[in-house]
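Chains as they are written, first to last, in full-length UniProt numbering: chain A, 1 to 187; chain B, 1 to 187. Backbone N, C-alpha and C define an ideal beta-carbon position, used for all residues, glycine too. Everything numeric in this text was worked out from a predicted model, so none of it was measured.
There are 2 protein chains.
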Amino acid sequence: MSTNSKEAILAAARQIAQAHGYGGLNFRDLAAAVGIKAASIYHHFPSKADLAAAVAKRYWEDTAVELEAMAAQAPNAAAALRRYPQAFRRALENDNRLCLCSFMSAEVDDLPDIVKAEVRAFADVNVAWLAKGLVAAGIVAPDKAEARARAIFAAISGAQLMARSRADISLYDTLVDSYRAAGLLPA
Amino acid sequence: MSTNSKEAILAAARQIAQAHGYGGLNFRDLAAAVGIKAASIYHHFPSKADLAAAVAKRYWEDTAVELEAMAAQAPNAAAALRRYPQAFRRALENDNRLCLCSFMSAEVDDLPDIVKAEVRAFADVNVAWLAKGLVAAGIVAPDKAEARARAIFAAISGAQLMARSRADISLYDTLVDSYRAAGLLPA
DNA sequence: GTTTACCTACCAAACGTTAGGTAGGATATA
DNA sequence: TATATCCTACCTAACGTTTGGTAGGTAAAC
Numbered sequence: 001m002s003t004n005s006k007e008a009i010l011a012a013a014r015q016i017a018q019a020h021g022y023g024g025l026n027f028r029d030l031a032a033a034v035g036i037k038a039a040s041i042y043h044h045f046p047s048k049a050d051l052a053a054a055v056a057k058r059y060w061e062d063t064a065v066e067l068e069a070m071a072a073q074a075p076n077a078a079a080a081l082r083r084y085p086q087a088f089r090r091a092l093e094n095d096n097r098l099c100l101c102s103f104m105s106a107e108v109d110d111l112p113d114i115v116k117a118e119v120r121a122f123a124d125v126n127v128a129w130l131a132k133g134l135v136a137a138g139i140v141a142p143d144k145a146e147a148r149a150r151a152i153f154a155a156i157s158g159a160q161l162m163a164r165s166r167a168d169i170s171l172y173d174t175l176v177d178s179y180r181a182a183g184l185l186p187a
Numbered sequence: 001m002s003t004n005s006k007e008a009i010l011a012a013a014r015q016i017a018q019a020h021g022y023g024g025l026n027f028r029d030l031a032a033a034v035g036i037k038a039a040s041i042y043h044h045f046p047s048k049a050d051l052a053a054a055v056a057k058r059y060w061e062d063t064a065v066e067l068e069a070m071a072a073q074a075p076n077a078a079a080a081l082r083r084y085p086q087a088f089r090r091a092l093e094n095d096n097r098l099c100l101c102s103f104m105s106a107e108v109d110d111l112p113d114i115v116k117a118e119v120r121a122f123a124d125v126n127v128a129w130l131a132k133g134l135v136a137a138g139i140v141a142p143d144k145a146e147a148r149a150r151a152i153f154a155a156i157s158g159a160q161l162m163a164r165s166r167a168d169i170s171l172y173d174t175l176v177d178s179y180r181a182a183g184l185l186p187a
């Protein structure tokens with residue numbers, strides 16, 4: 001289970017952090033979830049800050065891959081955009097979890113700098129993907145694409161946060177529908 | 001400083017929780033901010049859960065008063081709605097803080113039930129005020145008001161969260177402008 | 001003389017982290 | 001082939017610190 005343990009730690013830490021945040025992530029519970037002892041985590045990661053940074057980095061890397069696959073599979077840019085809310089829906093489907101980086105965004109004041117950088121990278125990945133799609137679909141002019149992309153990202157994050165607080169995934173769907181009806185998202 | 005101390009604890013706890021969340025709120029730092037000893041807080045609040053519930057309750061009560069004042073001062077319902085984003089802007093102006101209940105919404109899994117109830121009440125207050133204003137301004141039909149109100153609340157929460165993570169209040173303003181341009185918020 | 005508003009002095013549990021050790025596999029030397 | 005050396009992947013046990021919370025005291029106000 002050599003390299004496998006490192007991956008298992010990364011995966012378990014992500015799940016915990018998506019439910020309890022950086023502050024709520026602790027080595028004993030994490031180790032128990034993996035099936036090892038807390039001290040053994042230090043064989044793979046030098047500190048909690050490094051662990052969290054690795055988790056956040058892997059998180060946006062996975063998201064980038066997922067978004068690219070979504071764009072590739074959709075018949076056109078507009079169709080890909082229409083499926084964007086599904087990416088955020090999955091966290092809620094996964095035991096009412098929150099986007100890792102939404103949680104960590106709330107915790108910025110207590111985050112080590114290396115973690116903060118990865119959290120920002122996640123937002124950048126999403127905004128860049130959205131902006132590209134908005135332009136390709138001809139929904140907004142290139143010079144207004146990034147602003148609209150940020151608005152969509154922020155609104156979707158807020159919808160996920162609100163739905164999670166009520167543990168009601170149908171509320172997320174309703175909010176997304178409202179965004180579409182109001183014209184924020186392409187219908 | 002009899003009843004004054006209780007108020008001072010409430011106010012300081014709110015400030016701390018808006019920056020560090022429920023988990024990041026601790027009795028020693030809180031006491032230091034008030035100028036008393038940690039054990040003395042127990043004279044005013046029986047437990048951390050009760051303290052946090054009192055803070056969250058006071059938070060939505062203050063918000064309700066503030067929103068009512070905003071509605072009363074504005075010339076009409078549409079004008080009041082237009083000023084809604086200002087309420088959330090103030091947290092960012094106050095040392096880049098987050099809405100107390102947005103932070104606690106992220107922490108739901110670790111929140112005592114009495115705190116959770118007050119966090120939900122905050123959302124209810126906002127949604128009810130927005131829905132009433134949307135109907136009064138003739139922006140949406142009464143049966144669609146609550147859905148739109150929730151969408152506005154969620155989107156504004158997300159904008160505040162994103163702006164805070166970048167410590168950039170102008171980003172909040174830009175996001176609000178984008179919501180207006182897209183048609184989510186009344187221009 | 002009881003209540004109010006605080007204090008000092010603790011406690012047990014949980015935190016991130018470190019020290020030191022062990023079992024097993026790979027590699028190198030004799 | 002046998003043995004010495006090193007690395008990997010974990011372990012137990014403890015470190016100092018911080019956490020929410022408790023017990024009991026003091027001094028003033030009513």
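Interface residues of chain B facing residue i [CB-CB closer than 7 Å]
i: Phe103/A; result: Ala106
Chain B within 7 Å of residue i, Cβ atoms only
i: Arg14/A; result: no
i: Ser5/A; result: no
i: Met1/A; result: In this prediction, Met1/A scores a pLDDT of 42, lower than 50, which makes its location untrustworthy; the coordinate-derived value is nonetheless stated afterwards. It does not: the Cβ of Met1/A has no partner Cβ on chain B nearer than 7 Å.
i: Gly138/A; result: no
i: Gly35/A; result: no
i: Asp109/A; result: yes
i: Trp129/A; result: no
Beta-carbon neighbours of residue i, restricted to chain A and to distances below 8 Å
i: residue 207/B; result: No answer is possible for residue 207/B: it lies beyond the span of chain B, which begins at 1 and ends at 187.
i: Met162/B; result: Ser105, Ala123, Arg150, Phe153, Ala154, Ser157
Beta carbon proximity, residue i to chain A, threshold 7 Å
i: Gly133/B; result: no
i: Ala141/B; result: no
i: Ala80/B; result: no
Rounded separation between residue i and residue j - CA only
i: Ser170/B; j: Ala163/B; result: 8 Å
i: Ala12/B; j: Tyr42/B; result: 15 Å
i: residue 205/A; j: Pro112/A; result: Residue numbering for chain A in the displayed model covers 1 to 187; residue 205/A lies beyond these limits and cannot be assessed.
i: Pro142/A; j: Val135/A; result: 6 Å
i: Ser5/B; j: Lys37/B; result: 12 Å
i: Asp95/A; j: Ala72/B; result: 42 Å
i: Arg90/B; j: Leu81/B; result: 16 Å
i: Leu51/A; j: Glu118/A; result: 12 Å
i: Ala187/B; j: Pro85/B; result: 12 Å
i: Asp168/B; j: Arg28/A; result: 36 Å
i: Tyr22/A; j: Val108/B; result: 14 Å
i: Ser178/B; j: Glu61/B; result: 30 Å
i: Arg180/B; j: Thr174/B; result: 10 Å
i: Leu67/A; j: Phe103/B; result: 27 Å
i: Ala159/A; j: Ala151/B; result: 7 Å
i: Leu10/A; j: Val55/A; result: 6 Å
i: Ala69/A; j: Arg83/A; result: 12 Å
i: Ser157/B; j: Ala31/B; result: 30 Å
i: Glu7/A; j: Ala53/A; result: 14 Å
i: Leu185/B; j: Gly138/A; result: 22 Å
i: Ser165/A; j: Cys99/B; result: 14 Å
i: Ala121/B; j: Lys48/B; result: 19 Å
i: Ala182/A; j: Ala33/B; result: 44 Å
i: Asp46/B; j: Thr63/A; result: For the record, residue 46/B in the displayed sequence is Pro; it is not Asp. Going by the C-alpha atoms only, they are around 44 Å apart.
i: Tyr172/A; j: Lys116/B; result: 19 Å
i: Arg58/A; j: Arg97/B; result: 28 Å
i: Gly133/B; j: Val65/B; result: 15 Å
i: Val176/A; j: Phe88/A; result: 11 Å
Contact list for residue i against chain B, beta-carbon separation under 8 Å
i: residue 226/A; result: The structure shown does not extend to residue 226/A, since chain A is modelled only from 1 through 187, so no value can be given for it.
i: Thr174/A; result: Ala147, Arg150
i: Ser98/A; result: Checking the displayed sequence, the identity of residue 98/A turns out to be Leu instead of Ser. Within 8 Å Cβ-Cβ: Ala106.
i: Asp50/A; result: Within chain B, no residue comes near Asp50/A; the closest Cβ sits about 21 Å away, beyond 8 Å.
i: Val119/A; result: Ser165
beta-carbon residue i near the ligand GTP non-hydrogen atom, thresh 6 Å
i: Leu81/A; result: Questions concerning the ligand GTP fall outside what the structure shown contains, since it holds no ligand whatsoever.
Beta-carbon neighbours of residue i, restricted to chain A and to distances below 7 Å
i: Ala19/B; result: Asp109
Pairing CB atoms from the segment 71 to 78 of chain B with CB atoms from the segment 14 to 30 of chain B, are three or more of them under 8 Å? no
Does the pairing of the segment 119 to 136 of chain A with the segment 145 to 155 of chain A give three or more beta-carbon distances under 8 Å? yes
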